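Structure, as structure tokens:
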Amino acid sequence: MNQDDLALIAAQTKQSDNRYDHVVKVCVAAGCLSANADQVKTQLESELKQRGLETCCKVKGVGCMGLCAAGPLVSADANEKMFQSVTPGDAAAIIDDIVDNKPAPPAIVIDSKLDFFAGQKRVVLENSGEIDPERIEDYIANDGYEALFHVITKLKPLGVIEQVTKSGLRGRGGAGFPTGLKWTTVAKAGGHRKFVICNADEGDPGAFMDRSVLESDPHRVLEGMAIGAYAVGASKGFIYCRAEYPLAIKRLRIAIRQAESNGLLGMNIGDTHFDFRVEVRLGAGAFVCGEETALIASIDGGRGTPRPRPPFPAQQGLWNAPTLINNVETFANIPPIIRRGGEWFASIGTEKSKGTKVFALAGRVNNTGLIEVPMGMSLREIIFKLGGGIPEGRKFKAVQSGGPSGGCVPEQYLDIPVDYDSLASVGSIMGSGGLIVMDESSCMVDVARFFMDFCMSESCGKCVPCRVGTTQMHNILERITEGKAEPQDLELLKRLTGMVKAASLCGLGQTAPNPTLTTLRYFMDEYRAHIDEGRCPAGVCHPAKAEAEVNA
Amino acid sequence: MLPAPKVVAPPSDDKRWKIVDGMMRRHGHEPYALIEVLHTVQETFGFLTDDGLKYVAASLRVPFSKVYGVATFYHFFTMKPPGKHTCVVCTGTACYIKGAPSLLSAVQEAAGIKQGETTEDGMLSLLTARCLGSCGLAPAVVFDGQVAGKVNTESIKMRVHGYLGSESESLVVEEHK
Chain U
3 MNQDDLALIA AQTKQSDNRY DHVVKVCVAA GCLSANADQV KTQLESELKQ RGLETCCKVK
63 GVGCMGLCAA GPLVSADANE KMFQSVTPGD AAAIIDDIVD NKPAPPAIVI DSKLDFFAGQ
123 KRVVLENSGE IDPERIEDYI ANDGYEALFH VITKLKPLGV IEQVTKSGLR GRGGAGFPTG
183 LKWTTVAKAG GHRKFVICNA DEGDPGAFMD RSVLESDPHR VLEGMAIGAY AVGASKGFIY
243 CRAEYPLAIK RLRIAIRQAE SNGLLGMNIG DTHFDFRVEV RLGAGAFVCG EETALIASID
303 GGRGTPRPRP PFPAQQGLWN APTLINNVET FANIPPIIRR GGEWFASIGT EKSKGTKVFA
363 LAGRVNNTGL IEVPMGMSLR EIIFKLGGGI PEGRKFKAVQ SGGPSGGCVP EQYLDIPVDY
423 DSLASVGSIM GSGGLIVMDE SSCMVDVARF FMDFCMSESC GKCVPCRVGT TQMHNILERI
483 TEGKAEPQDL ELLKRLTGMV KAASLCGLGQ TAPNPTLTTL RYFMDEYRAH IDEGRCPAGV
543 CHPAKAEAEV NA
Chain W
0 MLPAPKVVAP PSDDKRWKIV DGMMRRHGHE PYALIEVLHT VQETFGFLTD DGLKYVAASL
60 RVPFSKVYGV ATFYHFFTMK PPGKHTCVVC TGTACYIKGA PSLLSAVQEA AGIKQGETTE
120 DGMLSLLTAR CLGSCGLAPA VVFDGQVAGK VNTESIKMRV HGYLGSESES LVVEEHK
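Structure below.
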């Protein structure tokens, strides 16, 4: 395939889509599928057939539209019409609305001008909810693989890295390491064998951005990886994906097959000397495998335990070869950066955090789902404007970002801009993008215990501070929630957090104390209430009851 | 160079071993394919047996200790046969905040099993997942591979009674059929 073939496919696909007056898009990402979106799609198709409208109206399965809690979602006419919580029985009413302009029942109509949609800026998710993730032609018709062709035919590897560096893109996996710098290191490393790995082991509970990108637009990730491989001089790539995401794995495999048969992956891509193959590797349910050296150990077929760094994977990674590891969202940002230039990307966001960030908004918030916003938007705007605030008129208590490695941000910091550095300044981290909103019905000590329980069982056991420290901290937190703690336990807990943070081998242990530290910092009164008064202000734990049992 | 793969006979003449063999062949019997192969064994047989692990170890020329280490390190692998039906409660943060613990205790009440256990008659296994990534549907539960969203204690009890059959709660089952 060459650039002309690509343009031809794009033109043909657009032409065949333009034949239809209406395109009805049904979300077939995992969230909506589990609410029977596939049946809705079949019903819409048979309804059109019955009315003899197949030639003017087309039903298309597309990726995630974002508002996952209101699924299954259906949209039409360039998203001017949107429908929520659709059942197969609503198919007739929806077709009536779209074709004959007879309004559908208000219960299933969503206002497409809702802040949830209008407040977003979509770069990574630009194709989500627009294209059929299982058809490469759809991706190509939306400028797909254009960036890859531009890169391999017109740019030198250093030129690619220059654009990425200029864009100011930072790793979207959580730590925020400058992507351009990482690519430069791998490109400069010697050796004839190099690898590219896409980290799709999205282990943070409460985060589903990567899953959604893989399910909605898998080719974008492949294209980003191929560009990365060209830039650093690799010819083999792996996508390490959680086994818990069967749909994402299936769509990735379809995408790889399609790209290979179209000559967009494999040998001599675009009639150049560039070769690149990609393989999917399955994780097996170990949170620690999100850490890059553990991930490499897992791809090699071993237990996923990290090793000390340096040497960094950029110098010595998979099978001791220089290895470029980036997160799904990082790779997904690459094609638009190449297409529109590094400066364009750098014009979005804040001084030190460029571009947009995808967040998974969940918990006690009205509009749960996936959003993409420019860096620097305030937490308040995200939760109260896009998220639509807290349900049932309850009061906001905290928002947890960054999963088990992040912290709980209280109301007083809601106005800080969301970027890597601001979140770090209040003790949390950007993390991979999970935002869990909590209201007054959540007990912060219990939340800290929940995350510590997670880290305790996910600790790989290799280094003592993490293995033993997380267990000890968990025991103390459990004693507090059960009302069996002594006042001096708090002091011990604080000392342990510092020790585990400083002495652990990898990111898991180094960040495990964060939820505890932030709740100690902002919600000390709740800890005190449990310990001194034997009472849980949120009514989640039953410290007093436990005490009564002990005394009895 | 490693010696050429020794031909090892499968532990039984069960035809399903051919699927496992196919996967090992596809990876050229390379030791790094261990996790992929264990996935195939579990997918085909439902769980990992000692015999299966030994067979994979010999075929891939990986020490049995390493195979056992890998099989027990990862949560996804199980060495116990699952029940006829499975109920996986998501305990990710969003589900936790929205009441996953009460779902677990509801199942415990209805079926008498804790997480990771199977009922004595082998009808139902109760498992937990770290996060299904279906946080928009919290709390989420996977019943026999189908994700159900916004589950409450009543609906989960109904499902569990349905699985456990007529002996335990004939009334509810009839209602449900």
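Chains as they are written, first to last, in our numbering: chain U, 3 to 554; chain W, 0 to 176. Note that the Cβ used here is the ideal one computed from N, Cα and C, for glycine as well. Since this is a predicted model, take the numbers as computed values, not measurements.
Quick check: is the beta carbon of residue 58/U nearer than 8 Å to any beta carbon in chain W?
By one-based count along the first sequence, residue 58/U stands at place 56. Chain W contact via Cβ: absent.
Quick one: residues in its chain with C-beta nearer than 7 Å to the C-beta of residue 503/U, no 5 flanking neighbours on either side, listed in chain order?
Position 501 of the first sequence holds residue 503/U. Taken in chain order, the residues that qualify are 512, 515.
So is residue 210/U in contact with chain W if we call contact Cβ pairs under 8 Å?
Here residue 210/U refers to the residue found at position 208 of the first sequence. For residue 210/U, the answer is yes, since a Cβ of chain W falls inside 8 Å of its Cβ.
What is the DSSP secondary structure of residue 90/U, counted as helix, strand or coil?
Residue mapping note: residue 90/U aligns to position 88 of the first sequence, counting from 1. The answer is helix: DSSP assigns residue 90/U an H, G or I state.
For residue 97/W and residue 128/W, which I take to be in contact (beta-carbon distance under 8 Å), what is that distance rounded to the nearest angstrom?
Residue 97/W sits at position 98 when you count from the first residue of the second sequence. Residue 128/W sits at position 129 when you count from the first residue of the second sequence. Between residue 128/W and residue 97/W the Cβ distance is about 15 Å, and since that is not below 8 Å, they are no contact.
Examine chain U for any beta-carbon lying closer than 8 Å to the beta-carbon of residue 135/W, and answer yes or no.
Residue numbering aside, residue 135/W sits at position 136 when the second sequence is read from its first letter. It does; some Cβ of chain U falls within 8 Å.
Between residue 84/W and chain U, is any beta-carbon pair separated by less than 8 Å?
Within the second sequence, the letter at position 85 stands for residue 84/W. Cβ-Cβ to chain U under 8 Å: no for residue 84/W.
When you compare the region 147-160 of chain W with the region 53-65 of chain U, are there three or more beta-carbon pairs, one atom per stretch, that lie closer than 8 Å?
Output reads no: the region 53-65 of chain U does not touch the region 147-160 of chain W.
Would you tell me roughly how many angstroms separate the C-alpha atoms of residue 205/U and residue 101/U, rounded to the nearest one?
Locating residue 205/U in the first sequence gives position 203, where the first residue counts as 1. Locating residue 101/U in the first sequence gives position 99, where the first residue counts as 1. One C-alpha to the other measures close to 43 Å.
Quick one: Cα of residue 32/W to Cα of residue 26/W, how far?
Here residue 32/W refers to the residue found at position 33 when the second sequence is read from its first residue. Here residue 26/W refers to the residue found at position 27 when the second sequence is read from its first residue. Each residue's Cα considered, the two are about 6 Å apart.
Using DSSP with H/G/I as helix, E/B as strand and the rest coil, what is residue 350/U?
To locate residue 350/U, count along the first sequence from 1; it is residue 348. In this structure, residue 350/U counts as coil in the three-state DSSP scheme.
Whole-angstrom Cβ separation of residue 384/U and residue 361/U, contact assumed at under 8 Å?
Stepping through the first sequence from its first residue, residue 384/U is reached at position 382. Stepping through the first sequence from its first residue, residue 361/U is reached at position 359. Confirmed, about 7 Å.
Could you list which residues in chain U have their beta carbon closer than 7 Å to that of residue 105/W, in chain order?
Start at 1 with the first residue of the second sequence, and residue 105/W comes out as number 106. The premise fails here: residue 105/W is roughly 17 Å from chain U at the closest Cβ pair, so nothing lies under 7 Å.
Please list the partners that residue 247/U has in chain W, where partner means a Cβ-to-Cβ separation under 7 Å.
Numbered from its first residue, the first sequence carries residue 247/U at position 245. The contacting residues are 132.
According to DSSP, is residue 452/U part of a helix, a strand, or is it coil?
Taking the first residue of the first sequence as 1, we reach residue 452/U at position 450. Residue 452/U falls in the helix class under three-state DSSP.
Would you mind working out which of 119/U, 329/U, 14/U, 13/U sits nearest residue 83/U, comparing C-alpha positions?
The sequence position of residue 83/U within the first sequence is 81, counting from 1. Cα-wise, what sits closest to residue 83/U is 119/U.
Can you check whether the C-beta of residue 108/W is within less than 8 Å of a C-beta belonging to chain U?
Walking along the second sequence from the start, residue 108/W turns up at place 109. Cβ-Cβ to chain U under 8 Å: no for residue 108/W.
Is the region 171-185 of chain U close to the region 324-341 of chain U, with three or more CB pairs under 8 Å?
Flag = yes, the region 171-185 of chain U and the region 324-341 of chain U touch.
By DSSP's criteria, residue 26/U is part of a beta bridge. Which residues make up the other side?
As a working mapping, residue 26/U is identified with position 24 in the first sequence. Beta-bridge pairing links residue 26/U to 61/U, 78/U.
Counting only runs that start and end within the region 257-298 of chain U, where is the beta strand (DSSP E) found for 3 or more residues in a row?
You should have 279-284.
Which value, in whole angstroms, describes the spacing of the CA atoms of residue 112/U and residue 364/U?
Taking the first sequence and counting its residues from 1, the one referred to as residue 112/U is at position 110. Taking the first sequence and counting its residues from 1, the one referred to as residue 364/U is at position 362. Answer to the nearest angstrom: the Cα atoms are 19 Å apart.
Taking C-beta pairs closer than 7 Å, name the residues in chain W that residue 302/U reaches, listed in chain order.
Within the first sequence, residue 302/U is the residue found at index 300, counting from 1. Residues of chain W passing the Cβ test: 31.
Can a CB atom of chain U be found closer than 8 Å to the CB of residue 45/W?
The residue given as residue 45/W occupies position 46 in the second sequence. Output row for residue 45/W: interface = no.
Using DSSP with H/G/I as helix, E/B as strand and the rest coil, what is residue 28/W?
Counted from its first residue, the second sequence places residue 28/W at position 29. Three-state result, residue 28/W: coil.
Using a Cβ distance threshold of 8 Å, determine whether the region 421-434 of chain U contacts the region 340-357 of chain U, with at least three qualifying pairs required.
With a cut-off of 8 Å, the region 340-357 of chain U and the region 421-434 of chain U count as touching, because enough Cβ pairs lie within range.
Using the beta-carbon of each residue, which ones in chain U are nearer than 7 Å to residue 68/W?
Looking up residue 68/W in the second sequence gives position 69. Those are 305, listed as they occur along chain U.
For the region 156-164 of chain U and the region 402-412 of chain U, state whether three or more C-beta atom pairs, one from each stretch, are separated by less than 8 Å.
No, they do not touch.
Among the residues of its own chain, which have a CB less than 7 Å from the CB of residue 66/W, if the five just before and after it don't count?
The count along the second sequence starts at 1 and reaches residue 66/W at position 67. Same-chain partners within the cutoff: 33, 52, 55, 56.
Measuring only the C-alpha atoms, how far is residue 25/U from residue 197/U?
Here residue 25/U refers to the residue found at position 23 of the first sequence. Here residue 197/U refers to the residue found at position 195 of the first sequence. If you take the alpha carbons of residue 25/U and residue 197/U, they lie about 41 Å apart.
Against chain W, does residue 490/U count as a neighbour if the rule is that its beta carbon must be under 8 Å from one of theirs?
The residue you call residue 490/U lines up with position 488 of the first sequence. Chain W contact via Cβ: absent.
Measure from the alpha carbon of residue 73/W to the alpha carbon of each residue in 296/U, 185/U, 545/U, then state which is nearest.
Here residue 73/W corresponds to residue number 74 of the second sequence, with the count starting at 1. Of the candidates 296/U, 185/U, 545/U, the one whose C-alpha sits nearest the C-alpha of residue 73/W is 296/U.
Buried or exposed for residue 8/W, going by 16 or more other Cβ atoms inside 10 Å?
In the second sequence, counting from the first residue as 1, residue 8/W sits at position 9. Exposed is the call here.
Please give me, in chain order, every unbroken run of the alpha helix (DSSP H) with length at least 4 that falls completely inside the region 163-198 of chain U.
Qualifying alpha helix (DSSP H) stretches, in chain order: 181-190.
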